[in-house]
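Throughout the sequence shown, residue numbering follows the UniProt record's numbering, covering 1 to 220 in sequence.
Everything on this sheet refers to the single structure shown next.
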Amino acid sequence: MGKTALLLVDIQYDFLPKGSLAVPDGDKILPPVYKLIEEADKYFNLIVASIVSYHPIHHISFASTHGKEPFTAIEVPGVNSPEGIVQMLWPDHCVQGTKGCELEHGVQQRLIKRSHMVEYVRKGNDIAMDAYSVFSDNQKRPTPLARVLRNAGVTDVVVAGLATDYCVRATALDARRFDFTTTILTDAVRAVDPIRGEAVISELVKEGCNLAESTQILIP
Ligand code: VGL
Numbered sequence: 001m002g003k004t005a006l007l008l009v010d011i012q013y014d015f016l017p018k019g020s021l022a023v024p025d026g027d028k029i030l031p032p033v034y035k036l037i038e039e040a041d042k043y044f045n046l047i048v049a050s051i052v053s054y055h056p057i058h059h060i061s062f063a064s065t066h067g068k069e070p071f072t073a074i075e076v077p078g079v080n081s082p083e084g085i086v087q088m089l090w091p092d093h094c095v096q097g098t099k100g101c102e103l104e105h106g107v108q109q110r111l112i113k114r115s116h117m118v119e120y121v122r123k124g125n126d127i128a129m130d131a132y133s134v135f136s137d138n139q140k141r142p143t144p145l146a147r148v149l150r151n152a153g154v155t156d157v158v159v160a161g162l163a164t165d166y167c168v169r170a171t172a173l174d175a176r177r178f179d180f181t182t183t184i185l186t187d188a189v190r191a192v193d194p195i196r197g198e199a200v201i202s203e204l205v206k207e208g209c210n211l212a213e214s215t216q217i218l219i220p
């Protein structure tokens, strides 16, 4: 039988309340995420915890790098795409070595107790290219993750984390592209823009993702 991996996307302080790019109600995902990690032995074969946003200072995704306002978009050149890639500009966030870049403490502590089954993925460290998906950067240069999961016999991924409309979306679309059966935990994700978040959930369903509440996974 195929194995299942829990993907925990970017549960970093800058995406949580008081963070520089706080996702509305981002902390509401913490209780179900804690429970998923605590009970992971029963339901998952592997946990992948990502810090997709592991940015150097003056990162290309920071509005300050370009002297522009956050939440506007620009085009940036891609190595493999001369036509350019749309880049949303963000407040400075998740800068390497800062508290904002760290995994949330409760998540971190629980992962330590499950360290026999945890893989960490850090990316977004290329100053010239943003990276939303845990599987690839924004110009689709892949990380080893798909191969690592396949080698471990993983066929199914269950996705939780931040934010629905950016890193969760890109991760889920890539998971489908790499042919993993993909489930989004609707109570364990939140969007930067909640209205866009709703539309993204519909898009992900159209792309073949399943939806579930974490309580449907955590059968008592
Ligand atoms: C993210 C905005 C900018 C995310 C990352 O983790 O979804 N959102 N960088």
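Every residue gets a Cβ at the ideal spot worked out from N, C-alpha and C, and that includes glycine.
In this text the structure is predicted, and so the values were computed from the model without any measurement.
- If you keep only unbroken beta strand (DSSP E) runs of at least 3 residues inside the stretch 72 to 150, you get 73 to 76, 85 to 88, 118 to 122.
- The alpha-carbon of residue 36 is positioned some 8 Å away from that of residue 214.
- For residue 188, the three-state secondary structure derived from DSSP is strand.
- Its Cα nearest to that of residue 132, the residue 162 stands out among 162, 3, 198.
- Rounded to whole angstroms, the separation of the alpha carbons of residue 182 and residue 202 is 14 Å.
- Take the alpha-carbon of residue 76 and the one of residue 41: they are about 42 Å apart.
- The ligand VGL never approaches residue 121 closely enough for any of its heavy atoms to be under 8 Å from the residue's Cβ.
- The closest heavy atom of the ligand VGL lies less than 8 Å from the beta carbon of residue 94.
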